[in-house]
Amino acid sequence: MPIKLFDSLTREIRELRRPDPNNPKDVFSFYNCGPTVYAPAHIGNFRTFIVNDVLRRLLELEYGPDKVRYVRNLTDVDDKTIKRSRDEGRPLADVTKQWTQKFHDDCARLNCLPVSEKFEPTATGYIREQVDMIDVLMKKGNAYRAPDGSVYFKVSSFPNYGTLSRVKERELKSGSAFAADADEKEDLSDFALWKAHKADDGDNAWDSPWGRGRPGWHIECSAMSKALLGDTIDLHTGGVDLLFPHHENEIAQSECCNGTKFSRHWYHSEHLLVDGKKMSKSLGNLYTLDDLQNIMMLTFNPSAVRLALIQAHPRKQLNFVTDSLFDANNALSGLSHRYDALKTWAKDSNSKPRSSAEPSAHYDGVIEALSNDLNLPAALAALFEQKRDQDSDHAGKLLAFERALRVLGLKIKSAIHLPDDELAADVAVLITAPTAPLNITALAEKRWAAKQAKDFAGADALRKELTIAGWSMLDGKDGYKLEPIKK
Ligand SMILES: [Zn+2]
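And the structure:
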C-alpha cells in the first residue's frame, strides 16, 4: 500500500518515495529533530516523538525494516544545556548524559522503538562537520564573519528563504518575525552559524577558522543529516514549533551548501494543549511522564499515555486532560480481552491463516488509515471496531490484530496464559482477572513447579491452600491463570 503524507512545503498530501527493493543501498532516509537534553521532555514533546515512532513503524512495515534509516539527533550544546551545567556547577557532558538517559528511559516506557547510537548523533560529536559546512557557506558568499568572531547566514543570499513557513507573508501581517538578538548582524533576519566564545560558555568552545566558539543550533541538523543520510533526504519531521525558524534555516543552509534539494518531504505535528491551554511552567500544566505517574499512582500505565497521545490527528491540536488516561486504561483493557479471545479462538479452531503472507483483511483498516496521511483517529476506530462476521479465519484475524497493535506501538498485557482447549470457551468471555496478591502468586508458582515435577500430592495440597485463601488456579499447557473464587 503506498504511504501518503501531508507535505508542509507543498501543502498537499503526497505519496512518500518508495526505495528500490532491488537496490540494497537505496534506503528511505528519515530525519526527525530530537530533544535538547537539559531537563525531562514533557508530554507535548512526546506527542511528536510517538507520532514519528508510528510513522517509522509504518514505513518499516511497508518498505522493510532495513529499508528505512531513521535519524533522531540530540542537542547537547546550546544556551539551555550550558545554563543548566553552569547553574549546577557540573560539566556539560555530565548534564547531557543524565538527561539523555532519562529521555531514553521515558521513550522505552512509551514503547518508542530505540535508535541505535550511530543514528542518534549529538551536536558535540559533529563539530568538524558543522565547521566544514560553515566553511563552504563562507566560500560561496552565503555567510559572513562579524567583528566579534561570530558567523551569520546571509538570508538575502537565498531567494527561496521563507517558502516553508511563508515567513514573508507572516512578517507583513504581524511585524517582524525576527528577533533583534545580536548587534553584529547585517540584517535582522540573518541567523548565527557559529557563535563566538563568551565568558558564560565556560569551557564549552571549539576551535574554528573564525576563532573559538560553538555552533549555532540550526547548523547541527543540516550537518548531521548530510553526514548520516546524504545531501537530499526523503523526509524531515518535527513539531510545528520547529517549522520557523529552525527548519526554514536548515533548508537555507543545506541547499546553499550542497547546491541541491534538502528534503523531498516535510511533516510537522501540531501542539498539545493541556486542559485547553498551551502548556507552560507558570500555568502548572507542563506534564512530564513522571508527573503523570505521580497523579495516577498505582493506575499509571505508560501504554495509556501513548494511547491518549495518539487520539487526535497529528496535524490537529490535541487537548490532553488527565481523565483521558482512565479512558485509555479502559480501552486498553478492552483490547486485551479481544486479544485473549482471538488467541483462544485461533487455538481452539486449530486454524492456520489462509495465507501466511497476507494475514487477513481484518484490522487492515488500521494500516490503511495510517497510510492515508497518518490518520490516527481512523486507525484507532478500525482497531476498536467489533466486526461480528461469520469469518472463521481466527488465526488470520489474530495475526492482523497483532500487526495493527505493533504498528501503533500499543503494548497490551494478555490477561491469560494460553489455556487448555476445554477452558477455551470460558476464557474467551472472561473479564480480566484481578491481579493476585504476591503471597497467592508465590503459592501458585510453588504448585506449578510441583506439578511440573510430577509431585501430584504436593500440588494438590497447595491447591487446597489456594482454595482456602479464596483463589482458584486454572492450569493450561504453558502456564496457569489465577481467579478469585466467586462467593
Ligand atoms: Zn533540527
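Just so we're aligned, residue 1065 is where the sequence shown starts under our numbering, counting upward by one. Using N, Cα and C, we set each Cβ at its ideal position, and we do this for glycine too.
Item checked: Three or more C-beta pairs below 8 Å linking the region 1369-1388 and the region 1189-1203 -> no
Check: For the alpha helix (DSSP H) that residue 1306 lies in, which residues bound it at each end?
Finding: In the DSSP assignment, residue 1306 falls outside any alpha helix (DSSP H), carrying neither H nor E.
Margin query: Which residues does DSSP list as the beta-bridge partners of residue 1185?
Written below: DSSP lists no partner for residue 1185.
Checklist line | Exposed unless 16 or more other CB atoms sit within 10 angstroms - verdict on residue 1516 | finding: exposed
Margin query: Quick check on the DSSP output: the beta strand (DSSP E) that includes residue 1383 runs from which residue to which?
Written below: 1382-1384
Check: With respect to 7 Å, is the separation between the Cβ of residue 1097 and the closest non-hydrogen atom of ligand 2 below this value?
Finding: Ligand 2 is not among the ligands present in this structure, which contains only ligand 1.
Notebook entry, point to check: Expressed to the nearest angstrom, what Euclidean distance is found between the alpha-carbon atoms of residue 1074 and residue 1354?
Noted result: 39 Å
Notebook entry, point to check: What are the uninterrupted segments assigned as beta strand (DSSP E) that are 3 or more residues long and contained completely in the region 1340-1385, given in chain order?
Noted result: With a minimum length of 3 residues, the continuous beta strand (DSSP E) runs that stay inside the region 1340-1385 are 1382-1384.
Checklist line | residue 1095 (DSSP reduced to helix, strand or coil) | finding: strand
Next item on the list: Kindly indicate which three-state DSSP category residue 1394 falls into: helix, strand or coil?
Entry: helix
Notebook entry, point to check: Any idea if residue 1126 is buried or exposed, counting beta-carbon neighbours within 10 angstroms, 16 or more meaning buried?
Noted result: Buried: at least 16 other Cβ atoms inside 10 Å.
Next item on the list: Compute the beta-carbon to beta-carbon distance between residue 1308 and residue 1318, rounded to the nearest angstrom, for a pair I have assumed lies under 8 Å.
Entry: With a Cβ gap of about 16 Å, residue 1308 and residue 1318 do not count as contacting.
Note to self: Counting beta carbon pairs with one atom in the region 1355-1373 and one in the region 1122-1140, are three or more of them shorter than 8 Å?
What the structure shows: Short answer: they don't touch.
Note to self: Here's the rule I'm using: 16 or more other beta-carbon atoms within 10 Å means buried, otherwise exposed. How should residue 1267 be labelled?
What the structure shows: Label assigned to residue 1267: exposed.
Checklist line | 8 Å Cβ cutoff met for residue 1115 and residue 1333 | finding: yes
Checklist line | In DSSP terms, what residue 1302 is bridged to | finding: Looking at the DSSP output, residue 1302 sits in a beta bridge with 1332.
Next item on the list: Could you tell me if residue 1422 is buried or exposed, where buried requires 16 or more neighbouring beta carbons within 10 angstroms of its beta carbon?
Entry: Because the pLDDT of residue 1422 is 49, which lies under 50, any placement of that residue in the model is unreliable, and the number read from its coordinates should be weighed accordingly. By the 10 Å Cβ count, residue 1422 comes out exposed.
Margin query: I want to check one thing, is the minimum distance from the CB of residue 1329 to the heavy atoms of ligand 1 below 7 Å?
Written below: no
Check: Exposed or buried, which one is residue 1302 when buried takes at least 16 other CB atoms within 10 Å?
Finding: buried
Checklist line | Those residues which DSSP pairs with residue 1539 across a bridge | finding: Looking at the DSSP output, residue 1539 bridges to 1544.
Checklist line | Nonlocal neighbours in the same chain, by C-beta distance under 6 Å from residue 1148, ignoring five residues either side | finding: 1102, 1159
Margin query: Using only CA atoms, which one of 1366, 1404, 1168, 1314 lies nearest to residue 1393?
Written below: 1366
Next item on the list: Pull up the DSSP beta-bridge partners for residue 1255, would you.
Entry: 1217
Notebook entry, point to check: In angstroms, rounded to a whole number, what distance separates the CA positions of residue 1081 and residue 1185?
Noted result: 24 Å
Item checked: residue 1119 versus residue 1527: straight-line alpha-carbon distance, rounded -> 49 Å
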